[in-house]
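In what follows, a structure is listed as structure tokens, so that the remarks can point back to it.
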Amino acid sequence: MNPPSSAWRRLLPRSIAGRVALGVFAGLVALACAFDWNWCRPMIRRYVMSHSGRDIRFDDLQVHWRDGLDPTIEFRGLTIDNAPWAGSHEPFIRAGRIAATLSWRSLGSDMTIVNLIELEDAQVDMERLADGLRNWRLTRPDDRGPPHVRVLALDARRSGLHLIHRGIGLELDARTTPLPAAETLAGHAATPLTKRLSFSGTIDGHAFDGDAHASDVLTFGATPRQFAVRGTARLGALELDASGVSSDVHGLGDVDGDATLTAEGTGPPWPLPDALARLRPLVARGHVAKTGDRWTAGDLHLAAGRHTTLVADVAFTGTWRSDTPRRTLKATLRDAVLDVDDLSLPRGKTPAREPTLSTTPLPLDRLRALDADVDLRPARLVGAERAFAQSVRAHAVLRDGVLRVQPLDIGIAGGHVGGTLVIDAARTPATLAADLQARQLRIEQLSSTLAANGALTGAVDGHASVHTRGDSPRALVAAAEGSVTLSLAAGATVSRRLDARLGLNGGEWLRTLFDEPARVPVQCAEATLALAGGVATQRRFVFETPDTALAAQGSLNLVDETVDATLTPAHKRLALLALDKSIHAEGSWHDVKISLKPPADVTPARCGR
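For the sequence shown, the residue numbers in the numbering used here are 254 to 862.
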């Protein structure tokens with residue numbers, strides 16, 4: 254027989270060493286399994302007392318190995334006193350049984366991972382002060398820094414939790430009880446509902462409560478395991494009904510389920526914006542999913558107020574706690590019916606002669622905080638003002654602080670106003686540019702006064718090209734530059750009485766006393782205004798009927814909301830009782846003063862000239 258080669262002679266000692274090491278490890282494991290850990294009771298009590306000043310008592314202590322090398326430390330009849338500063342005099346924990354399975358790979362590191370905590374017949378009292386002091390830190394009781402232990406899953410049976418987090422104004426009471434029989438959500442048979450979770454408390458002074466059926470094990474992220482839940486939660490006037498699965502009960506991990514949110518009654522809608530307080534009842538329902546930092550809501554049905562309804566598909570990426578990743582919103586709104594009375598905010602009465610333009614800075618930071626793409630498909634407008642506006646269609650794209658609305662089409666006063674709107678909030682101050690076309694706007698729908706007496710009927714066409722800059726409504730108006738053109742479409746008419754008044758024709762006005770409904774055609778009417786520094790100055794004005802032609806001079810101050818204009822009539826026919834005067838209008842356009850002045854030396858423009 255040949256002697257072993259040199260390679261075998263080198264490997265033989267290593268093989269023997271490996272077997273010895275494996276044998277020693279197996280012996281240690283066997284010793285650990287057979288060891289009565291209750292002998293460590295005095296040592297554990299002294300250690301906890303010396304570090305935290307609190308006593309720990311237990312009836313039994315066992316150590317098991319689960320999932321390979323991960324140790325499970327199990328206490329029965331465990332009681333740990335609360336921190337001396339805690340608001341409650343109850344123990345920090347009293348448990349019939351508590352078991353914690355640790356990840357052996359994390360032992361000795363800065364972050365110990367607890368794969369699973371099992372609680373039975375337990376009551377836990379947790380409290381955290383605003384400065385970060387926590388009553389559950391036994392070995393480092395004064396440590397106010399970040400966590401050193403992370404729990405991935407919890408299985409609580411017939412157990413309760415009282416939690417106070419003074420940093421966010423949260424106080425919570427929760428309890429689990431077993432269900433008489435397991436339940437199953439459609440499509441989630443692997444995670445049956447086995448326990449009832451009831452909870453109540455306050456957050457930031459607002460009361461909440463809820464009741465849910467949940468799976469055995471609740472998870473806290475960083476694990477592929479999910480749990481199922483079906484239940485209802487109430488916060489003030491809000492109520493949420495949800496069913497589905499999630500991976501994190503604490504930090505809103507991945508979510509997939511159906512949800513219905515309602516706001517009824519008279520309570521506050523916190524944490525929703527106050528502007529929604531008057532939209533009662535408010536109902537939103539749809540399928541909601543979250544993966545990482547991306548939320549989606551498909552086939553979301555919204556009903557608000559009296560008649561407002563719409564269907565939406567929404568996707569949002571990002572969080573409001575961090576700018577990374579950049580927040581993005583994409584939404585398609587369809588089948589919308591918008592009630593003007595529901596959507597308009599309460600309007601206060603403005604005293605006469607007082608300007609209404611605010612100097613309050615506009616919330617332009619909101620335009621810089623996210624990117625968005627919102628497509629509002631043709632929506633129908635209803636409500637008290639539906640005769641004024643009937644529909645709206647808009648596609649808004651916000652990117653890097655620049656908002657562009659194109660196309661924009663508003664069905665208004667029987668016609669349409671459309672064009673583009675661009676707000677550049679990336680600049681300081683922000684800039685605004687608008688290019689709008691008006692087509693066939695019915696005068697009688699634009700003005701209730703004209704509709705009531707029929708003084709002027711017909712349709713208005715127009716074009717406005719305006720650009721400005723500023724960070725408040727008043728600043729934007731004060732810097733407005735551009736032009737506005739308005740014209741009456743063919744077929745417009747005025748009452749003969751109005752024609753006589755505009756022409757200061759006394760004889761013609763007397764004849765209207767016997768023929769009040771008589772009307773005359775408007776042969777042409779057009780006005781072009783030049784905007785500069787928030788003041789609109791007449792550049793061209795034409796108004797002509799068979800009897801009268803008007804000349805105009807003047808301006809509108811959009812900042813002070815005042816008018817200073819003069820109309821001078823010229824008679825195309827002999828008018829024996831006509832006044833040789835000009836009509837002067839001045840003052841606040843909320844209370845215009847009309848007077849007669851000596852005639853201005855001006856010749857009216859004529860149609861086609």
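For every residue, glycine included, the Cβ atom is placed at its ideal position computed from N, Cα and C.
These figures come from a predicted structure and were not determined experimentally.
- Between the alpha carbons of S611 and R727 lies a distance of about 6 Å.
- Per DSSP, the continuous alpha helix (DSSP H) segment holding L755 begins and ends at R749 to L755.
- Of all C-beta pairs linking the stretch 806-818 to the stretch 752-772, fewer than three are shorter than 8 Å, placing the two stretches out of contact.
- A contact between stretches requires three or more CB pairs, one per stretch, nearer than 8 Å, and the stretch 544-554 fails this requirement with the stretch 518-526.
- Residue environment: C777 is assigned as buried (16 or more neighbouring CB atoms within 10 Å of its CB, all protein chains considered).
- Around E761, the same chain offers A753 as residues with beta carbons nearer than 6 Å, after the five sequence neighbours per side are excluded.
- With 16 or more other Cβ atoms from the protein chains shown falling within 10 Å of its own Cβ, E697 counts as buried.
- Remark: C-beta atoms of R307 and V301 approach each other more closely than 8 Å.
- Under the DSSP assignment, Q693 falls outside any alpha helix (DSSP H), being part of the beta strand (DSSP E) whose first and last residues are T684 to R695.
- Secondary structure of R411 (DSSP, three-state): coil.
- Our two residues, W318 and P324, have alpha carbons roughly 4 Å apart in a direct line.
- Between A858 and F794 the beta-carbon gap is near 7 Å, inside 8 Å, which marks them as a contact.
- In the structure shown, T519 adopts coil according to DSSP, grouped into three states.
- Here L532 is actually not in contact with L514; their C-beta atoms are around 12 Å apart, not less than 8 Å.
- Put simply, the backbone Cα of G413 is about 54 Å away from that of R680.
- Per DSSP, the continuous beta strand (DSSP E) segment holding A838 begins and ends at S835 to S841.
- L493 carries a strand assignment under DSSP once its states are collapsed to helix, strand and coil.
- Here Q479 is buried, its C-beta having at least 16 other C-beta atoms within 10 Å.
- In this structure, DSSP gives H503 a state outside helix and strand, which the three-state scheme calls coil.
- Using a Cβ-Cβ distance cut-off of 8 Å, the stretch 373-381 and the stretch 345-352 are in contact, since at least three pairs of beta carbons, one from each stretch, lie closer than that value.
- Taken atom to atom, the span from the alpha-carbon of G672 to that of A481 is near 49 Å.
- Out of H540, T519 and A486, the CA that lies nearest to the CA of V508 is found in H540.
- T765 sits in a helix when the DSSP states are folded into three classes.
- Counting other Cβ atoms within 10 Å of its Cβ, D618 stays below 16 and is therefore classed as exposed.
- Secondary structure at H304: helix, using DSSP grouped into helix, strand and coil.
- Exclusion of the five residues before and after A568 leaves T549 and K583 as the residues of its chain whose Cβ lies within less than 6 Å of its Cβ.
- Counting of Cβ neighbours within 10 angstroms places L820 among the buried residues, the total reaching 16 or more.
- According to the DSSP assignment, D323 belongs to no alpha helix (DSSP H) but to the beta strand (DSSP E) extending over D323 to I333.
- Beta-bridge pairing by DSSP links R587 to V564.
- V627 is positioned such that its CB atom lies no closer than 8 Å to that of L634.
- The alpha carbon of Q659 has as its nearest neighbour, out of D688, Q643 and A632, the alpha carbon of D688.
- For R298, the secondary structure class from DSSP, reduced to helix, strand or coil, is helix.
- Relative to the Cα of R652, the nearest Cα in the group A625, G321 and A475 belongs to A625.
- E373 sits close to R411, with the two beta carbons spaced by under 8 Å.
- Following the DSSP letters along the chain, one finds D618 inside the alpha helix (DSSP H) bounded by residues D618 to R621.
- Residue pairing by DSSP puts I847 in a beta bridge opposite A838.
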